[in-house]
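Protein chains in written order, with the numbering used here: chain B, -2 to 211; chain P, 499 to 715; chain C, 42 to 261.
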Amino acid sequence: MSMLVADGLTHRFGSERALDNVDLVLDTGEHMAVLGDNGAGKTTLLRILATALRPTSGRLTIAGLDAFGERRRLRHYLGYVAHAPGLYPALSARENLEFFCDLQDVDRSRVDEALATVGLTSVSHRRAGELSRGMQQRLAIGRAILHDPRLLILDEPDASLGADAADLLAGLMHDRTTVLATHDHALANRLCPRTLVLRHGRSLGTATHLRVVR
Amino acid sequence: MLIAGAAIFFYAPTDYLQGPVQRIFYLHVSSAIAAFGCFAVVLAGGVIYLRNESPAADRFARSGALVGVVFTTVTLVMGMLWAKTVWGAFWVWDARLTSTLVLWIIYAGYLLVRRLADPGRQAARFAAVVGIFGFIDVPVVHFSVTWWTTQHPGPVIINDALPPQMLATFLFTMACTVVLAAVMIAIRYQIETLVDEREQVFEPAKVLVAREPEPVQ
Amino acid sequence: MNPFRVALAVARKDLRSEWRTREVVPALAQFIILALLIGNFGFQVDSRNAASIAPGILWLALVFAGLVAFGRTFAAEREQASLEAMLMTPASPVAIFAGKAVAASLLLIVCEAVMLPALSLFFGTPFSADVVAAVLIATVGMAALGCLFAAMVARVRARELLLPLLTLPLWIPFIIAGGQAVQSAMGLPGSYSEAISLLIDFDILFLVLTSLAARFVLDE
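Here you go:
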């Protein structure tokens, strides 16, 4: 069964069209990369897929459910890492995760697991505001997996991660359906068999093992 | 409206105490009633919009708010002119004036929120909330000020007794004003419909046949 | 998760953040003291008119401090995109809203704890449980309204302009009844019990309305 079906997703900010009639179908366990220049609409698309934003028109079905009608139910399925980390700077890394455990209604023991997965155990007591950008990104990723989501939506997670980004992400993604937006073509190729290319809000289609010739 | 204007000036007798200025009263009160009517439209539009996201409801609410501001402004200005002539002061903090001023401020807030929020769903949603809270607030403010004056008794200033000819004129003027307001709302609604179509911020969700994306080589 | 526990977690998080950064409370407390000082000089207060002027100054200071306190609650979240992260969890938006409103009220109450004794000190007016009760009861309703519009305004441009414009008309009943309550408590004519019961009525009315409206304002 398809995990995610997007149909004619269009989004306008005022008179500006950020997304224009984008379709996509994702099967369970598939990894898909979304490529495109800045302003092509990647973040808008990902926010819609994560049900953080409602499109001006179009339909989205996730795990067979209408994504916007059943948003609360789908929260358990979805893990979203936004462009900005959205952490609480005055709270420690651990406290940040504990807070979200409470909101996600999962046991706090998951915090240690998540910290280990993203490699932040040694700095868990440090305030999130004092962490480097890369560590904050990792923390945001850790937060997204606290509830063990089946579907992961990652908006340029590699932007501040170091050289081991690919390994970290591969580990996260391996048994989860994933949509990954990135600028890094090599990373996209390595991690994701399918790629969707966006340009000025329009989908240029998807391909497997896309090779970009410059 | 012209007939109403003629009636105001020629038919109704001059008020004994206040002189010709009293004639402002007809239009002033009619405006106020029209303004409240518009506000009710804003409320209804807002509630309906929040329930089922109907763009038409939002358009009505928008139109009602704009026309309402106009009538409220007219009410306030006329009230101030009348007050200056009759009482010697432009403004008094009694229940009616205060709540009308609050009404005006809420409308202004409504229109500003519409303009500043993301056009389309967000603007409509936020404005609907403002409209609903505002509608409830105006009588609450009126009540509060009335209550406050019972705590601090002072001279009673508004005398509403009306001889029959004046009453007839007044009712007629009121009817005309309300009709005018309704017409203005209808006209504005048409304009808003055109604006919506041009900017297409409220496209209904289209259900397309799911197509497989074309592969790119 | 139980909405009360969610609200509690959110409130605790906000309070903990404030405790560690101490951004809001000192600034507000300082503002309030200044307002009292200015009031004293601006109104030429002496022992005869103190009781009639003090309540006005109290509410003036409270209103402006409230606008700042509630405005900040959502502005900070917005800047850090953390509000969206919270809304991405299964937690109920109304519970999240309630948690933030409670935390913001507590911060304001801390400032009130500074302001009321200072008011008594500077103006020689009585500092009684009646005054405190009136202010606290009013704070509840004002907080709910202030936070609702702060949440709305956080996503919109020109928020410093818009927040007072939207909030003040709704705060007027509280200022009227609260002003009367404080005046009565300070010995001026008027019914204290009527004023308090009005405040409670307003609290109930606006708490109900706000909790119904919260999901439309917070969620997409």
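We treat Cβ as the ideally placed atom computed from N, Cα and C, and that holds for glycine. Just so it is clear, the structure is predicted and the values come from calculations on it, not from any experiment.
Cβ-Cβ distance between residue i and residue j below 7 Å
i: Val628 (chain P); j: Val639 (chain P); result: no
i: Ile178 (chain C); j: Leu240 (chain C); result: yes
i: Thr53 (chain B); j: Ala15 (chain B); result: no
i: Ala228 (chain B); j: Leu94 (chain B); result: Since the first residue of chain B shown is -2 and the last is 211, residue 228 (chain B) is not available in this structure.
i: Ala132 (chain C); j: Val47 (chain C); result: yes
i: Asp4 (chain B); j: Gly38 (chain B); result: no
i: Pro146 (chain B); j: Gly66 (chain B); result: no
i: Gly131 (chain B); j: Ser157 (chain B); result: yes
i: Ala163 (chain B); j: Leu184 (chain B); result: yes
i: Gly562 (chain P); j: Val545 (chain P); result: no
i: Phe115 (chain C); j: Ala195 (chain C); result: yes
i: Leu614 (chain P); j: Ala236 (chain C); result: no
i: Gly198 (chain B); j: Ala122 (chain C); result: no
i: Gly182 (chain C); j: Phe243 (chain C); result: yes
i: Leu177 (chain B); j: Gly33 (chain B); result: no
i: Tyr547 (chain P); j: Ala673 (chain P); result: no
i: Val197 (chain C); j: Pro96 (chain C); result: no
i: Asp155 (chain B); j: Thr192 (chain B); result: no
i: Ala227 (chain B); j: Leu57 (chain B); result: Since the first and last residues shown for chain B are -2 and 211, residue 227 (chain B) lies out of range.
i: Ala218 (chain C); j: Asp171 (chain C); result: no
i: Ala192 (chain C); j: Leu259 (chain C); result: yes
i: Ala92 (chain C); j: Gly228 (chain C); result: yes
Reference residue i; option with closest CA among the options
i: His171 (chain B); options: B:Thr114, B:Leu32, B:Asp63, B:Ala90; result: B:Thr114
i: Ser200 (chain B); options: B:Val31, B:Asp24, B:Asp109; result: B:Val31
i: Ser528 (chain P); options: P:Glu690, P:Phe631, P:Pro637, P:Met576; result: P:Met576
i: Val108 (chain B); options: B:Ile138, B:Arg130, B:Leu151, B:Ala47; result: B:Ile138
i: Arg113 (chain C); options: C:Phe164, C:Ala68, C:Arg61; result: C:Ala68
i: Arg619 (chain P); options: C:Asp242, C:Phe257, C:Ala70; result: C:Phe257
i: Leu188 (chain B); options: B:Leu195, B:Thr175, B:Gly198; result: B:Thr175
i: Phe72 (chain C); options: C:Ser232, C:Ala50, C:Ala110; result: C:Ala110
i: His8 (chain B); options: B:Leu148, B:Pro190, B:Leu46; result: B:Leu46
i: Gly220 (chain C); options: C:Asn81, C:Ile94, C:Asp244, C:Ala192; result: C:Ile94
i: Pro230 (chain C); options: P:Thr583, P:Gln649, P:Leu609; result: P:Gln649
i: Trp484 (chain P); options: P:Met682, P:Leu579, P:Val572; result: This structure cannot speak to residue 484 (chain P), because chain P is shown only from 499 to 715.
i: Gly61 (chain B); options: B:Asn35, B:Tyr74, B:Ala49; result: B:Tyr74
i: Val143 (chain C); options: C:Ser58, C:Ala184, C:Met156; result: C:Ala184
i: Ala254 (chain C); options: P:Gln688, P:Ile685, P:Ile630; result: P:Ile630
i: Asp102 (chain B); options: B:Leu128, B:Pro86, B:Ala204, B:Arg72; result: B:Arg72
i: Leu77 (chain C); options: C:Leu186, C:Phe243, C:Leu160, C:Ala174; result: C:Leu160
i: Glu27 (chain B); options: B:Gly202, B:Thr179, B:Ile150; result: B:Ile150
i: Phe641 (chain P); options: C:Phe215, C:Thr208, C:Pro158; result: C:Phe215
i: Pro86 (chain B); options: C:Ala218, C:Gly228, C:Arg63, C:Glu201; result: C:Arg63
i: Asp17 (chain B); options: B:Leu6, B:Thr25, B:Leu165; result: B:Leu6
i: Met483 (chain P); options: P:Arg560, P:Val600, P:Asn550, P:Tyr524; result: Nothing in the structure corresponds to residue 483 (chain P), since chain P is present only between 499 and 715.
i: Phe558 (chain P); options: P:Ala587, P:Gly543, P:Trp585, P:Asn550; result: P:Gly543
i: Pro637 (chain P); options: P:Gln688, P:Ala593, P:Ala554; result: P:Ala593
Whole-angstrom C-beta distance between residue j and residue i, which should lie under 8 Å
i: Ala141 (chain B); j: Gln133 (chain B); result: Between Gln133 (chain B) and Ala141 (chain B) the Cβ distance is about 13 Å, and since that is not below 8 Å, they are no contact.
i: Val65 (chain C); j: Ser252 (chain C); result: Val65 (chain C) to Ser252 (chain C), Cβ: 24 Å. No contact.
i: Gly632 (chain P); j: Leu206 (chain C); result: Actually they are not in contact, since the Cβ atoms of Gly632 (chain P) and Leu206 (chain C) sit about 11 Å apart, beyond 8 Å.
i: Pro210 (chain C); j: Asp635 (chain P); result: 6 Å
i: Thr180 (chain C); j: Phe97 (chain B); result: That belief does not hold up - the Cβ atoms of Thr180 (chain C) and Phe97 (chain B) are roughly 30 Å apart, past 8 Å.
i: Ser(-1) (chain B); j: Val22 (chain B); result: 5 Å
i: Leu1 (chain B); j: Ile59 (chain B); result: 5 Å
i: Ala742 (chain P); j: Trp589 (chain P); result: The structure shown does not extend to residue 742 (chain P), since chain P spans only 499 to 715, so no value can be given for it.
i: Thr644 (chain P); j: Thr598 (chain P); result: Thr644 (chain P) to Thr598 (chain P), Cβ: 14 Å. No contact.
i: Val600 (chain P); j: Ile213 (chain C); result: 6 Å
i: Ala117 (chain C); j: Asp99 (chain B); result: The Cβ separation is near 20 Å, so there is no contact.
According to DSSP, residues forming a beta bridge with residue i
i: Glu13 (chain B); result: B:Phe10
i: Ala204 (chain B); result: B:Thr192
i: Thr58 (chain B); result: B:Val2, B:Asp63
i: His144 (chain B); result: Its beta-bridge partners do not exist; DSSP assigns none.
i: Thr175 (chain B); result: B:His28, B:Leu149
i: Tyr77 (chain B); result: B:Ile150
i: Ser89 (chain B); result: B:Arg124
i: Arg199 (chain B); result: B:Arg196
query: Counting pairs of Cβ atoms below 8 Å between the segment 558 to 571 of chain P and the segment 526 to 546 of chain P, do you hit three or more?
result: Yes, since at least three Cβ pairs between the segment 558 to 571 of chain P and the segment 526 to 546 of chain P fall closer than 8 Å, the two stretches touch.
message: Check whether the segment 102 to 113 of chain C and the segment 148 to 164 of chain C are in contact - that is, three or more C-beta pairs closer than 8 Å.
response: Yes, they touch.
message: For the segment 116 to 123 of chain B against the segment 163 to 180 of chain C, do three or more pairs of beta-carbon atoms, one drawn from each stretch, fall closer than 8 Å, so that the two count as touching?
response: Judged by Cβ distances under 8 Å, the segment 116 to 123 of chain B makes no contact with the segment 163 to 180 of chain C, as fewer than three pairs qualify.
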